[in-house]
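Note sheet for the following structure.
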Amino acid sequence: MPLPSMKDQFAALIATPSVSCTQPGLDQSNSAVIELLAGWLTELGFSCDIQQVSPGKFNLLASFGSGPGGLVLAGHSDTVPFDGALWQTDPLKLTEVDGRWVGLGSCDMKGFFALAIEAVKPLLDQPFKQPLLILATCDEESSMSGARALADAGRPLGRAAVIGEPTGLKPIRMHKGIMMERIDILGRSGHSSDPRLGHSALEAMHDAMGELRGLRLQWQREFRNPQFSVPQPTLNFGCIHGGDNPNRICGQCSMEFDLRPLPGMDPQVLRAAIRQKLEPIAERHQVKIDYAPLFPEVPPFEQAEDAELVRVAERLTGHRAEAVAFGTEAPYLQRLGCETLVLGPGDIACAHQPGEYLEMSRLQPTVQLLRQLIGHYCLTPATAG
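Under the working numbering, the first residue of the sequence shown carries the number 94, and numbering increases by one thereafter.
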């Protein structure tokens, strides 16, 4: 039975939900996506190792050829949550609109796997001097538990790793860190007609957010790196939940935020500054405030500009390696001994938004670029390039 075409594979990946979210009600398993990929890659002769990270969450490591070194083409199998009412098309159906493939995960980044498979298909009858590995991880959009599990296991992967996150086909060798944090405030509910009957968690959270905004301004004055398109650290208020009725004093409020530190900013120092600001609020409002990371922080990433992978990617793309504000799994692949670069066809500006898309004009250039990288790292000298 022949493999589906690249477009059909792309469409099948988009049609297979795999939302990863900090909210349990929105979180989904990625097993169906992993099974799709493993089926296609097994048919091509890859050896597929599916690793369970947690219930319903899986990594896939597929390898063709053997030996040390080689190339890893890596990506995450999950997407962010979506609001279907804000989409002009069905987010779980690949739709062609004005020269774009539109669908959830088209850009960020399930579609990358279909392009990687298309790139390798005509090369499989050639002798591989070093292996090609295709890595699909779970939960990149929330805890990064898939990449963390790989790094903790310590199994060497390859000589070089390319992560197909949306970079507009420009090589990225540096990005900020990621801290996802949560503040829980426990007050005391009571009848709204008399404020003395309770302690409002919502009003305490209002003050907490004000202090965080002040810290954000302070850090943005103190830290700056012009290599990033967003040169300062950022702090985003992501979601908030609290209270249940207008006529009750709010007894509980929770808020989640993310902080993107620059290289050189110590997460523990940042957290200590936040705690120092929260303590007087708890005392003033007579509430209990719990503050903690949602997940361990993702460290900032930097690959040396003179690394072989950076030089090869710059030559093949015609672009100098740059820095981006968003975070990836790159630090974890580096820990496993890979020279690592972020390089993919999508545009970050449309990621995490209704109408997420991939420009069709990027499809064949991406396939050709990946084919050249596979040739450089995996094929015999006589057939490389």
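All C-beta atoms in this analysis are idealised placements derived from N, C-alpha and C, irrespective of residue type, glycine included. In this text, all values refer to a predicted model and were calculated from it rather than measured experimentally.
- The criterion of a C-beta distance shorter than 9 Å is satisfied by ILE374 and ILE382.
- For the 9 Å CB-CB criterion, LEU208 and PRO438 form a contact.
- Looking only at LEU426, GLN465, THR109 and LEU451, the smallest Cα-Cα distance to CYS200 is reached by LEU451.
- Secondary-structure assignment with DSSP links LEU472 through a beta bridge to PHE221.
- Here VAL391 is bridged, per DSSP, to ILE271.
- Under the DSSP assignment, HIS284 falls outside any beta strand (DSSP E); it carries neither an H nor an E label.
- Spatial neighbours of GLN313 in its own chain (CB-CB distance under 6 Å, excluding positions within 5 residues in sequence) are listed in chain order as GLN325.
- Secondary structure note for GLY239: its alpha helix (DSSP H) is the uninterrupted segment 238 to 246.
- When C-beta atoms of the region 245 to 260 are compared with those of the region 148 to 164, three or more pairs fall below 8 Å, so the two segments count as touching.
- The three-state secondary structure of HIS412, taken from DSSP, is coil.
- CA-to-CA, the gap between ARG353 and SER236 works out to about 15 Å.
- Taking 9 Å as the cut-off, the beta carbon of SER113 is found no closer than this to the beta carbon of VAL190.
- By the CB criterion at 9 Å, PRO356 and GLU395 fall inside the cutoff.
- Just measuring C-alpha positions, the residue of PRO117, GLY192, GLU390 and ALA167 sitting nearest GLN361 is GLU390.
- In the DSSP assignment, ILE256 is bridged to ALA167 and VAL435.
- When DSSP states are grouped into helix, strand and coil, VAL195 belongs to the strand group.
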